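Trainee: Sequence lines, in order, name chains A and B.
In case it helps, the numbering used here puts the first sequence at residues 1 to 455.
In case it helps, the numbering used here puts the second sequence at residues 1 to 624.
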Amino acid sequence: MNDTIAAISTSLGVGAISIIRVSGDDSIKIVNTIFKGQNLNLVDSHTIHYGHIVENEKIIDEVLVSVMRKPKTFTTEDVVEINCHGGITTTNKVLELLLMNGCRLAEPGEFTKRAFLNGRIDLLEAEAIGDLINSKSEKARIIAINQMQGKTSNMIRILRKKILEVLANIEVNIDYPEYEDILVMTNDIILPKIKEIENDIKEILNNSENGKIIKEGIKTIIIGRPNVGKSSLLNNLLDEEKAIVTDIAGTTRDIVEGQILIDGILLNLIDTAGIRKTDDIVEKIGVEKSYNLIEKANLIIYMLNNNEEINNEDIEILNKIKNKNYIVIINKMDLDNNLNIDKLSSLIDQNNIIMMCINKNIGIDRLKEKIKNMFNLEKLETEDYNFLTNARSISILKETLILISNIYISIEKNIPIDMVEIDIKKVWELLGEIIGETYQDELINQLFSQFCLGK
Amino acid sequence: MNYEVIVVGGGHAGCEASLACARKGHKTLLITGNINNIADMPCNPSIGGSAKGIVVREIDALGGEMGINADKSHIQIKMLNNAKGPAVQALRCQADKITYPKNMRETLNKQENLEIKEALVEDLIVENNKIRGVILENKDKIYSNAVILTTGTYLKADIMVGDTRRREGPHGEKPSNHLSDNLKKYGFKIIRLKTGTPQRIDKNTIDFSKTKVEYGDSIYHTFSFDTEPLYKIEEQVPCHLIYTTPVTHKIIKENLNKSSMYGGLNDITGVGPRYCPSIEDKIVRFADKERHQLFLEPESLYYDDIYIQGFSTSMPHDVQEKMVHSLPGLENAKILKYAYAIEYDAIDSLQLKPSLETKIIENLYTAGQINGTSGYEEAACQGLIAGINASLKLENKEPLILKRNEAYIGVLIDDLITKGVRDPYRLLTSRAEYRLLLRHDNADLRLRKLGYKVGLIDEKRYQKLLDKERDIERINETLKNNKITPKEEVNKYLIEIGSSPIKDGITLYDLLKRPEININHIKRFIYLSSNQDILQQVEINIKYAGYIEKANREAAKMVDLENKKIPIDIDYDNIHNLASEAKQKLKEVRPISIGQALRISGVNPADISILMIYLKKEYNYEHK
């Protein structure tokens with residue numbers, strides 16, 4: 001029996017509709033659990049149904065679902081395709097829901113592989129598929145590593161080490177019960193440690209900036225004085241074909257004016273309701289409020305006019321943004337230079353200054369390049385699995401939190417520690433999966449390096 | 001002379017192997033270097049322990065001898081991890097080093113179809129990569145259809161003390177000097193391993209008042225599912241606990257360069273076990289530890305040797321004297337035997353099939369320390385499996401291969417043939433992924449049917465198992481079908497035993513799920529006509545149902561992959577796109593299933609996908 005796999009099968013961000021494909025024995029059953037509309041278990045094969053994807057009664061997206069029963073499907077298994085309309089954020093959310101309900105995220109090329117293994121595809125294509133799987137997974141691996149580099153993966157590594165020490169201690173108590181000098185782990189002792197681990201996981205979930213960026217987009221604000229060219233920039237970036245305008249309330253807490261996709265990187269323009277109309281957010285909402293916005297944003301684009309000197313207000317804001325991700329645009333390079341660039345350079349990092357002439361379409365490419373570099377996501381481009389990798393990590397992290405809630409229940413019930421340990425070990429393994437470390441012998445090594453045992 | 005099976009070596013592996021073959025009706029010859037050393041325990045005087053004790057139960061369930069023999073021969077027994085869950089409990093006994101081998105020898109002597117011969121084997125007779133027999137030191141040839149090598153630490157054994165190295169086996173026995181060279185000649189990779197043993201002390205020279213006494217359990221236990229206890233609780237002999245002192249540590253640090261392992265000898269290549277380092281290793285590696293725990297274990301009722309567990313060393317004799325005398329209670333102790341380190345040859349276990357038949361020579365099997373393991377129990381279980389599989393092969397039947405979710409024996413053999421060995425391999429509960437399924441208490445339920453199928457469990461013992469299964473089911477049903485209601489007396493009793501009162505009717509089955517309720521409490525509400533063993537099974541299955549279910553689910557995934565077999569004639573060089581490291585590892589291990597392939601370090605899931613595509617293409621392999 002094959003497990004049921006799911007993945008987004010259209011390139012994310014290109015076109016307004018994304019399709020999630022689900023294949024395997026339980027595909028209809030699983031989709032049905034999150035689908036409000038007709039009972040998919042009862043519908044005819046090769047039919048399309050209108051309805052909503054829901055989570056706890058809350059509507060996530062309005063969808064069309066195609067149900068195709070085996071064997072006349074791409075993979076020769078039961079296949080369901082969900083056409084999502086809500087843009088990247090909701091498509092990812094739907095995928096996450098599927099993963100939470102028993103689907104496994106498909107490996108790169110896995111649908112094709114299944115189609116092949118089930119005899120759907122010509123044998124002669126085997127070699128090509130082999131190449132494909134090889135190259136795709138290698139790329140996926142590099143991306144996964146890149147994506148997780150730095151803070152988050154380090155946090156996971158440290159966390160795993162912490163868990164490993166607890167595990168090794170429990171194991172040594174089991175394998176060497178006669179060693180009286182070794183601390184005997186009890187449920188009372190591990191309880192605070194589990195709390196600590198839980199907090200760490202929650203923190204990773206919250207702080208995983210990269211994850212959030214991929215999942216929700218980069219919260220971006222564009223600010224600057226009136227007539228500096230904010231709306232020109234916005235309109236230039238908002239190439240209507242690529243823009244995904246979402247008006248689904250509740251997907252984020254911030255009001256999203258629009259989403260811009262720059263080579264696969266999603267910019268969420270937050271609280272920019274005023275930009276197009278009054279053209280002066282600072283004036284409209286006041287410095288105080290714009291500071292709040294700056295705090296919330298992942299990216300601040302601050303626009304200056306080449307034709308005007310920097311004033312005190314500018315300096316104040318520049319000082320405020322220089323510890324964040326920011327780009328300072330000097331627009332209107334075609335006008336006379338009245339802005340003291342040396343003075344500006346002394347205030348902020350010169351590398352973050354971009355000269356532009358938006359009306360003449362000069363500097364836009366450099367701005368895009370800069371944004372890509374800034375978020376170290378140049379590898380993301382528009383390949384689907386970058387987003388998937390992340391949905392997967394997040395669903396794994398959520399799974400560990402479910403396990404931890406089981407651990408609390410078991411401790412409360414005073415279940416023997418070696419049973420409680422089963423879930424702790426699983427948390428450790430799952431975290432390993434995120435960063436690609438699942439090496440069983442690690443535990444044995446830890447046992448012998450942490451404790452002195454002998455004959 | 002002609003035999004069906006020849007077993008070379010009379011240690012714990014050899015005993016089980018020869019008994020299994022003979023009991024299955026095959027004319028068997030056991031060749032040992034010294035008949036008096038059959039089933040000898042050259043190191044610690046104990047059988048069982050964490051994980052190992054469960055292995056002894058598994059041996060018993062399959063029809064092996066170790067459990068029965070230990071029940072006849074111990075002077076103390078206890079259940080380890082009593083306060084923990086059922087999954088990690090295991091028996092450990094202090095076996096009498098005189099009685100244990102004596103009882104085993106008697107069993108061997110009485111066994112039909114089994115002959116014992118005292119000789120040293122020097123070479124094998126091999127024709128067309130198939131074993132035909134063995135050649136003795138005096139060049140005599142003995143023929144057979146299968147050979148099982150269980151040579152223990154005797155292959156090119158060197159005993160090392162301080163700066164001296166002597167070519168001899170334990171007890172000054174003659175080692176086997178040529179067999180490992182000859183194995184190399186046939187294409188076996190030979191690795192060198194090392195282990196050690198501590199001093200033996202005259203018990204009359206120890207002041208036990210300075211030690212902490214460690215008694216056996218005050219309830220009866222047996223390893224075997226078929227024996228009644230043969231000992232008296234009050235007659236058990238205690239062990240004693242002491243600790244090393246700062247003086248001990250000072251002596252060791254000052255003399256470190258005299259230890260064979262730390263400069264005394266500079267030609268040591270053997271890799272020692274991580275799990276039982278010598279005392280000098282411990283003091284170097286755990287420099288900040290103020291003291292190390294030592295157990296004084298009696299070796300026998302019939303002589304005075306006390307074994308100092310935890311004090312193994314390769315220091316010269318004069319330093320050993322000082323070390324021993326620095327221990328509390330041992331100030332005036334007399335050393336009867338000095339500690340030593342031993343180096344020996346073993347084969348690379350990656351050259352074995354899961355049946356323990358070698359990949360190089362057909363009908364040749366190896367078991368025990370020659371495969372790189374350590375410990376009597378690890379050896380015995382391999383001997384049993386090698387014996388069973390050599391016999392099955394002669395009978396043209398499929399080998400018995402235990403999976404990782406079926407037995408610790410399965411875990412051990414799979415680790416050997418999939419991961420290989422770098423230092424002597426000891427079983428640990430941590431090595432088992434599904435240890436909740438691999439319990440002490442259910443070894444018979446897991447394995448007896450297999451023992452019956454291979455012919456080592458007789459009809460009577462098999463019927464006993466079927467009765468037990470029926471009883472478990474019956475009690476289970478009884479508990480499901482009977483309810484208690486919130487009467488005053490019921491709730492009074494529940495509060496009395498520290499539980500909470502019930503508001504509605506509840507089945508006894510659900511009541512037993514409460515952590516604070518045990519099966520004996522249930523007896524208050526209903527008559528359960530069964531023995532404690534069966535009630536315990538029922539209780540464990542109900543109480544830990546959630547965890548057991550989870551383990552079964554995980555195990556089912558593993559079994560699914562185990563069932564995807566890889567053809568034996570596969571040529572990995574023909575598979576393009578396979579990463580070179582994966583290709584090399586796959587060629588070395590030659591896994592029999594996709595599941596095994598996945599456990600090889602260096603083979604990643606992408607490699608497995610490519611492998612499966614290749615199998616489909618070349619072998620019309622079904623992805624089921």
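Just so it is clear, CB atoms sit at the ideal spot from N, CA and C, and this is done for glycine as well.
Source: prediction; values computed, not measured.
Could you tell me if B/Leu466 is buried or exposed, where buried requires 16 or more neighbouring beta carbons within 10 angstroms of its beta carbon?
Mentor: Classification of B/Leu466: exposed, given that the 10 Å Cβ count is below 16.
Trainee: Find the nearest neighbour of B/Leu436 within the set B/Ile59, B/Ile610, B/Ile548, judged by alpha-carbon distance.
Mentor: Answer by Cα proximity: B/Ile548.
Trainee: Cα separation between B/Lys194 and B/Tyr344?
Mentor: About 6 Å.
Trainee: Could you check if A/Pro71 is buried or exposed, using at least 16 other CB atoms within 10 Å of its CB as the buried criterion?
Mentor: Under this definition A/Pro71 is an exposed residue.
Trainee: Starting from B/Arg165, trace the beta strand (DSSP E) in both directions and tell me its first and last residue.
Mentor: Looking at the DSSP string, the run of the beta strand (DSSP E) that includes B/Arg165 is 164-166.
Trainee: Between A/Asn479 and chain B, is the shortest Cβ-Cβ distance under 8 Å, so that the two count as touching?
Mentor: This structure leaves residue 479 of chain A out entirely; chain A is present only between 1 and 455.
Trainee: Spatial neighbours of A/His49 within its chain, please: CB distance less than 6 Å, with the 5 preceding and 5 following residues excluded, ordered by chain position.
Mentor: So the list reads Gly37, Gln38, Val65, once near-sequence residues are dropped.
Trainee: Report yes if the CB atom of B/Leu114 is closer than 8 Å to the CB atom of B/Leu120, and no otherwise.
Mentor: No, the Cβ-Cβ distance between B/Leu114 and B/Leu120 is not below 8 Å.
Trainee: Among the residues of its own chain, which have a CB less than 6 Å from the CB of B/His12, if the five just before and after it don't count?
Mentor: If we look at B/His12 and ignore the five residues flanking it on each side, its Cβ neighbours are Tyr376, Ala379, Ala380.
Trainee: Looking at the structure shown, is B/Lys141 part of a helix, part of a strand, or coil, going by DSSP?
Mentor: Strand.
Trainee: Nearest chain A C-beta to B/Thr429 closer than 8 Å, yes or no?
Mentor: At least one chain A Cβ lies under 8 Å of B/Thr429.
Trainee: Taking only runs that begin and end inside the stretch 153-204 of chain B, name each unbroken alpha helix (DSSP H) of 4 or more residues, in chain order.
Mentor: Those alpha helix (DSSP H) runs which fall completely within the stretch 153-204 of chain B and span 4+ residues are 179-186.
Trainee: Does B/Ile497 pass the burial test, meaning 16 or more other C-beta atoms within 10 Å, or should it be called exposed?
Mentor: By the neighbour-count rule (16 or more Cβ atoms within 10 Å), B/Ile497 is not buried but exposed.
Trainee: Note down the Cα distance separating B/Leu665 from B/Pro45, rounded to an integer number of angstroms.
Mentor: The displayed coordinates of chain B run from 1 to 624. Any statement about residue 665 of chain B would go beyond what the structure contains.
Trainee: With the cut-off set at 8 Å, would you say B/Lys212 and B/Pro298 are in Cβ contact?
Mentor: Their beta carbons are not under 8 Å apart, which means B/Lys212 does not touch B/Pro298 by this criterion.
Trainee: Would you report the Cα separation of A/Asn230 and A/Ala7, rounded to the nearest angstrom?
Mentor: The question names Asn, but residue 230 of chain A is Lys in the sequence shown. C-alpha separation (whole angstroms): 38 Å.
Trainee: By the criterion of Cβ-Cβ separation under 7 Å, what are the contact partners of A/Pro177 in chain B?
Mentor: Here the neighbours are Ser50, Leu80, Asn81.
Trainee: So with Cβ pairs under 8 Å, would you call B/Lys84 a contact of chain A?
Mentor: Yes, B/Lys84 counts as interfacial toward chain A.
Trainee: Would you kindly work out how many angstroms separate the C-alpha atoms of B/Gln320 and B/Val237, rounded to a whole number?
Mentor: Going by the C-alpha atoms only, they are around 27 Å apart.
Trainee: Applying a beta-carbon distance threshold of less than 8 Å, which residues of chain B neighbour A/Met419?
Mentor: Under the 8 Å cutoff, chain B gives Gly85, Ala87, Leu436, Tyr544, Tyr547.
Trainee: Quick one, which residues of the stretch 211-239 of chain B are near chain A if we go by CB-CB under 7 Å, in chain order?
Mentor: Going along the stretch 211-239 of chain B in chain order, one finds no residue with a Cβ nearer than 7 Å to chain A.
Trainee: Just how far apart, CA to CA, sit A/Ile364 and A/Ile294?
Mentor: Computed Cα separation, rounded: 23 Å.
Trainee: Going by other Cβ atoms of all chains shown within 10 Å of its Cβ, with 16 needed for buried, is B/Thr269 buried or exposed?
Mentor: It counts as exposed.
Trainee: Grouping DSSP H, G and I as helix and E and B as strand, with all else coil, what is A/Glu62?
Mentor: Three-state DSSP puts A/Glu62 in a strand.
Trainee: Scan the stretch 177-192 of chain A for residues whose Cβ lies nearer than 8 Å to a Cβ of chain B and list them as they occur along the chain.
Mentor: Listed in sequence order: Pro177, Glu178, Tyr179, Glu180, Asp181.
Trainee: Just tell me which of B/Ile575, B/Ile592, B/Ile206, B/Asn396 has its CA closest to the CA of B/Leu336.
Mentor: Closest option to B/Leu336, Cα to Cα, is B/Ile206.
Trainee: With a threshold of 16 other CB atoms inside 10 Å of the CB of B/Asp60, please say whether the residue is buried or exposed.
Mentor: Buried.
Trainee: Let me confirm a value: B/Thr28 is counted as buried when at least 16 other C-beta atoms fall within 10 Å, else exposed. Which label applies?
Mentor: Label assigned to B/Thr28: buried.
Trainee: Tell me which residue opens and which closes the beta strand (DSSP E) that B/Thr32 is part of.
Mentor: Here the beta strand (DSSP E) through B/Thr32 covers 28-32.
Trainee: Under the three-state reduction of DSSP, which class applies to B/Thr227: helix, strand or coil?
Mentor: Three-state result, B/Thr227: coil.
Trainee: Spell out whether any CB of chain B is found under 8 Å from the CB atom of A/Ile407.
Mentor: It does not; no Cβ of chain B falls within 8 Å.
Trainee: How close, in whole Å, do the beta carbons of B/Ser300 and B/Asp510 come, if the pair is a contact with beta carbons under 8 Å?
Mentor: Between B/Asp510 and B/Ser300 the Cβ distance is about 51 Å, and since that is not below 8 Å, they are no contact.
Trainee: With three or more beta-carbon pairs closer than 8 Å as the criterion, would you say the stretch 400-413 of chain B touches the stretch 30-49 of chain B?
Mentor: Contact fails: fewer than three Cβ-Cβ distances are below 8 Å.
Trainee: Could you check the C-alpha separation between B/Ala83 and B/Asp533 for me, to the nearest Å?
Mentor: Distance between the alpha carbons of B/Ala83 and B/Asp533 is about 18 Å.
Trainee: If you reduce the DSSP assignment to three classes, tell me which class B/Ala374 lands in.
Mentor: Checking the sequence shown, residue 374 of chain B turns out to be Ser, not Ala. It is coil, neither helix nor strand.
Trainee: Identify the continuous beta strand (DSSP E) that holds B/Asp123 and give its terminal residues.
Mentor: Looking at the DSSP string, the run of the beta strand (DSSP E) that includes B/Asp123 is 121-127.
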